[in-house]
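Residue 3 is where the sequence shown starts when you use my numbering, and the numbers rise one by one after that. Since the structure comes first, as structure tokens, the remarks are kept for the end.
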Amino acid sequence: MARHLITSAIPYINGIKHLGNLVGSQLPADLFARYQRARGHEVMFICATDEHGTPAELAAAKAGKPVAEYCTEMHEVQAEIARGFKLSFDHFGRSSSAQNRKLTQHFAVQLAKAGLLREVTEKQMYSKADGRFLPDRYIEGTCPNCGFESARGDQCDNCTKQLDPVDLINPHSVISGSTDLELRETKHLFLRQSAMKDQLDAWIDSKTDWPILTTSIAKKWLHDGDGLQDRGITRDLSWGVPAQFEGAPWSGMEGKVFYVWFDAPIEYLAATQEWADKTGGDWERWWRTDKGADDVTYTEFMGKDNVPFHTLSFPATILGSNEPWKLVDYIKSFNYLNYDGGQFSTSRGRGVFMDQALEILPADYWRWWLLSHAPESADSEFTWENFQTSVNKDLADVLGNFVSRITKFTRSKFGEALPEGGAWGEQEDTLIDELTTRIRAYETHMEAMDIRKSAAELRAIWVAGNEYLQASAPWSAFKTDPDRAAAIARLALNLIPLYAVLSAPFIPDAADSMLGAMQTEDRSWPQDVKAALAALPAGHAFTTPEVLFRKIADEEREDWQKRFAGTRD
Ligand SMILES: [Zn+2]
Numbered sequence: 003m004a005r006h007l008i009t010s011a012i013p014y015i016n017g018i019k020h021l022g023n024l025v026g027s028q029l030p031a032d033l034f035a036r037y038q039r040a041r042g043h044e045v046m047f048i049c050a051t052d053e054h055g056t057p058a059e060l061a062a063a064k065a066g067k068p069v070a071e072y073c074t075e076m077h078e079v080q081a082e083i084a085r086g087f088k089l090s091f092d093h094f095g096r097s098s099s100a101q102n103r104k105l106t107q108h109f110a111v112q113l114a115k116a117g118l119l120r121e122v123t124e125k126q127m128y129s130k131a132d133g134r135f136l137p138d139r140y141i142e143g144t145c146p147n148c149g150f151e152s153a154r155g156d157q158c159d160n161c162t163k164q165l166d167p168v169d170l171i172n173p174h175s176v177i178s179g180s181t182d183l184e185l186r187e188t189k190h191l192f193l194r195q196s197a198m199k200d201q202l203d204a205w206i207d208s209k210t211d212w213p214i215l216t217t218s219i220a221k222k223w224l225h226d227g228d229g230l231q232d233r234g235i236t237r238d239l240s241w242g243v244p245a246q247f248e249g250a251p252w253s254g255m256e257g258k259v260f261y262v263w264f265d266a267p268i269e270y271l272a273a274t275q276e277w278a279d280k281t282g283g284d285w286e287r288w289w290r291t292d293k294g295a296d297d298v299t300y301t302e303f304m305g306k307d308n309v310p311f312h313t314l315s316f317p318a319t320i321l322g323s324n325e326p327w328k329l330v331d332y333i334k335s336f337n338y339l340n341y342d343g344g345q346f347s348t349s350r351g352r353g354v355f356m357d358q359a360l361e362i363l364p365a366d367y368w369r370w371w372l373l374s375h376a377p378e379s380a381d382s383e384f385t386w387e388n389f390q391t392s393v394n395k396d397l398a399d400v401l402g403n404f405v406s407r408i409t410k411f412t413r414s415k416f417g418e419a420l421p422e423g424g425a426w427g428e429q430e431d432t433l434i435d436e437l438t439t440r441i442r443a444y445e446t447h448m449e450a451m452d453i454r455k456s457a458a459e460l461r462a463i464w465v466a467g468n469e470y471l472q473a474s475a476p477w478s479a480f481k482t483d484p485d486r487a488a489a490i491a492r493l494a495l496n497l498i499p500l501y502a503v504l505s506a507p508f509i510p511d512a513a514d515s516m517l518g519a520m521q522t523e524d525r526s527w528p529q530d531v532k533a534a535l536a537a538l539p540a541g542h543a544f545t546t547p548e549v550l551f552r553k554i555a556d557e558e559r560e561d562w563q564k565r566f567a568g569t570r571d
């Protein structure tokens with residue numbers, strides 16, 4: 003039995019994520035976790051909400067709530083949606099946890115001891131009325147480029163020009179509206195990534211099996227321009243892990259917190275500790291190579307925008323600590339999912355958001371489409387026509403129809419139990435050979451996290467069942483040789499639990515329904531296809547399930563197309 007540590011990039015707290023976010027990390031990570039569990043391996047699957055930083059503060063202020071209260075509420079909202087999509091986290095943590103505070107401060111101390119932190123003095127806007135330094139996006143004013151009156155200190159949303167707060171005409175604080183701003187000196191801690199460049203470079207070079215998308219992004223950051231730069235890891239904010247604390251080997255960081263990208267990946271460890279504190283488990287067994295984690299395979303899932311942090315900054319933190327923490331073994335990264343001829347847009351409400359998706363159709367419909375169209379080698383695009391086709395053909399016509407045909411046929415001819423009599427012949431041997439080949443290919447693709455290939459192979463496995471029914475035609479056989487029809491029905495009914503077990507990582511609810519209909523709890527993996535197809539014996543009772551997947555009508559599709567075109571409230 004192998005041990006798999008699996009993490010999904012942690013979603014930011016300020017709002018509900020869209021389907022592009024879901025397919026870029028949480029959903030493929032869930033697929034892999036479910037598959038490894040199904041193969042009998044020990045899995046620790048971790049995700050969390052990323053709660054610190056300026057956007058959380060701004061969102062809380064907009065909602066008129068204290069930021070801690072806002073984060074608690076939004077965490078619960080995201081956790082509920084994750085349950086709705088059947089994301090099988092062992093723990094869904096919070097980066098604002100006490101465990102993460104302690105670990106983040108611990109890593110900072112270790113990095114300081116190793117000489118990997120340096121203090122940098124910078125100039126930043128200070129608001130006298132607010133009594134604080136303002137992050138760039140806390141400052142608004144008129145864009146010097148296009149005249150837009152609500153340009154932010156980092157960028158103009160109207161003309162997209164990158165800005166510095168000092169560029170703005172009539173700059174003011176978005177908190178108080180005060181224009182009494184001045185540039186003041188402020189001191190920050192920087193992580194000396196440049197000092198670790200060669201070590202990181204050699205480590206990336208050793209990862210010859212990683213996706214090119216992952217290594218090419220890391221290499222770009224390592225070598226483009228002046229090479230890997232040091233990064234500020236503190237901010238003048240109050241919401242976050244305090245950078246000045248008892249035992250800190252530096253002074254002058256009062257009122258500052260660690261920057262969100264520094265503490266967010268450490269939450270992978272902290273969330274596992276949160277899990278252990280809740281369950282009595284041992285979290286260090288997953289994370290400390292001196293305490294049992296040296297036989298763990300650690301896989302991270304993320305969108306391409308998160309690759310620099312996970313290939314460089316977070317490994318710099320782990321390696322620089324000089325402690326035996328587990329480093330990632332494999333990074334599976336994704337391109338973007340676009341929406342119907344453009345991009346998903348959270349600010350403009352364009353596209354389908356996770357809560358809305360579950361309001362209109364069950365999770366399995368979305369899971370199947372998203373995974374079978376995962377943006378692996380290039381960006382992919384969600385269109386309603388494609389979604390409708392995929393659901394109606396793959397799920398309803400192929401898998402759903404197979405289950406419906408054979409259960410209804412058997413019920414009408416033999417009753418609701420597996421019929422007795424007859425023997426397998428050449429058609430059954432051919433089917434068993436084909437399924438054996440295809441299932442071994444499916445396993446290979448799933449191990450390799452080739453998600454589209456896995457989905458295509460799974461679909462081919464479903465198709466094989468329909469083709470077998472078509473070729474063996476039990477409805478014709480029944481008229482001349484009822485025993486032969488019984489043998490076909492018995493095998494075909496045994497295909498239902500086999501399909502359920504193979505399909506569960508993609509469509510867990512349908513898999514449960516299929517096993518429920520066949521009145522079996524046996525989830526063992528079909529190593530031996532021939533044995534699996536005889537697992538349920540003659541006389542075993544079953545029920546004819548309700549429609550497994552319903553079809554999407556053209557009117558519904560047109561309706562949804564209009565509804566999700568933009569301007570979500
Ligand atoms: Zn502008």
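Beta carbons are placed, not taken as given, at the ideal position from N, Cα and C, and that holds for glycine. None of these values were measured; they are calculated from a predicted model.
Buried or exposed by the 16-neighbour rule on C-beta atoms within 10 Å, applied to residue i
{"i": "I434", "result": "buried"}
{"i": "D571", "result": "Bear in mind that a pLDDT of 45 at D571, under 50, signals an unreliable position, so the number given afterwards is only what the model happens to contain. By the neighbour-count rule (16 or more Cβ atoms within 10 Å), D571 is not buried but exposed."}
{"i": "A543", "result": "exposed"}
{"i": "I333", "result": "buried"}
{"i": "Q38", "result": "buried"}
{"i": "P539", "result": "exposed"}
{"i": "L185", "result": "exposed"}
{"i": "A450", "result": "exposed"}
{"i": "C161", "result": "exposed"}
{"i": "G322", "result": "buried"}
{"i": "M3", "result": "exposed"}
{"i": "E557", "result": "exposed"}
{"i": "H174", "result": "buried"}
{"i": "K410", "result": "exposed"}
{"i": "C145", "result": "buried"}
{"i": "E459", "result": "buried"}
Beta-carbon separation (whole angstroms), residue i vs residue j, contact threshold 8 angstroms
{"i": "L170", "j": "Y128", "result": "The pair is not a contact, with the Cβ atoms about 15 angstroms apart (cut-off 8 angstroms)."}
{"i": "R369", "j": "F566", "result": "Between F566 and R369 the Cβ distance is about 18 angstroms, and since that is not below 8 angstroms, they are no contact."}
{"i": "V479", "j": "A466", "result": "Before going on, a small fix: residue 479 reads as Ala here, not Val. With a Cβ gap of about 19 angstroms, A479 and A466 do not count as contacting."}
{"i": "I268", "j": "F109", "result": "6 angstroms"}
{"i": "H54", "j": "V262", "result": "5 angstroms"}
{"i": "Q390", "j": "I554", "result": "5 angstroms"}
Proximity winner among the options, relative to residue i (alpha-carbon distances)
{"i": "H77", "options": "R96, T301, W223", "result": "R96"}
{"i": "I83", "options": "S406, F551, P13", "result": "P13"}
{"i": "I463", "options": "A502, D307, S315, A491", "result": "A502"}
{"i": "P167", "options": "K280, C73, Q126, E151", "result": "Q126"}
{"i": "N172", "options": "A153, R186, D556", "result": "A153"}
{"i": "V531", "options": "L437, I453, P510, E459", "result": "L437"}
{"i": "A318", "options": "I206, G351, W289, R442", "result": "I206"}
{"i": "H93", "options": "H54, F264, C49", "result": "C49"}
{"i": "W252", "options": "A443, F192, R287", "result": "F192"}
{"i": "A536", "options": "D200, K67, E430", "result": "E430"}
{"i": "P137", "options": "N496, E302, L239, D561", "result": "L239"}
{"i": "W386", "options": "P377, D399, W371, V400", "result": "W371"}
First through last residue of the alpha helix (DSSP H) which encompasses residue i
{"i": "L372", "result": "365-374"}
{"i": "H108", "result": "100-115"}
{"i": "R440", "result": "428-449"}
{"i": "C73", "result": "69-86"}
Identified DSSP bridge partners for residue i
{"i": "M46", "result": "L7"}
{"i": "R154", "result": "E142"}
{"i": "I171", "result": "T144"}
{"i": "H190", "result": "V122"}
{"i": "R237", "result": "V259"}
{"i": "D52", "result": "Y14"}
{"i": "K334", "result": "F303"}
{"i": "D543", "result": "It is worth fixing the name first, because residue 543 is Ala in this sequence and not Asp. Paired residue(s): A419."}
{"i": "P244", "result": "V259"}
{"i": "F566", "result": "BP columns for F566 are empty, so no partner."}
{"i": "S347", "result": "R352"}
{"i": "R290", "result": "W327"}
{"i": "R96", "result": "T51"}
Cutoff 8 angstroms: residue i Cβ touching any chain D Cβ
{"i": "T291", "result": "Chain labels in this structure do not include chain D; a single protein chain is all it has."}
Element boundaries [beta strand (DSSP E), containing residue i]
{"i": "Y341", "result": "339-341"}
{"i": "S382", "result": "382-384"}
{"i": "F316", "result": "Note, F316: premise wrong, no beta strand (DSSP E); alpha helix (DSSP H) at 316-322."}
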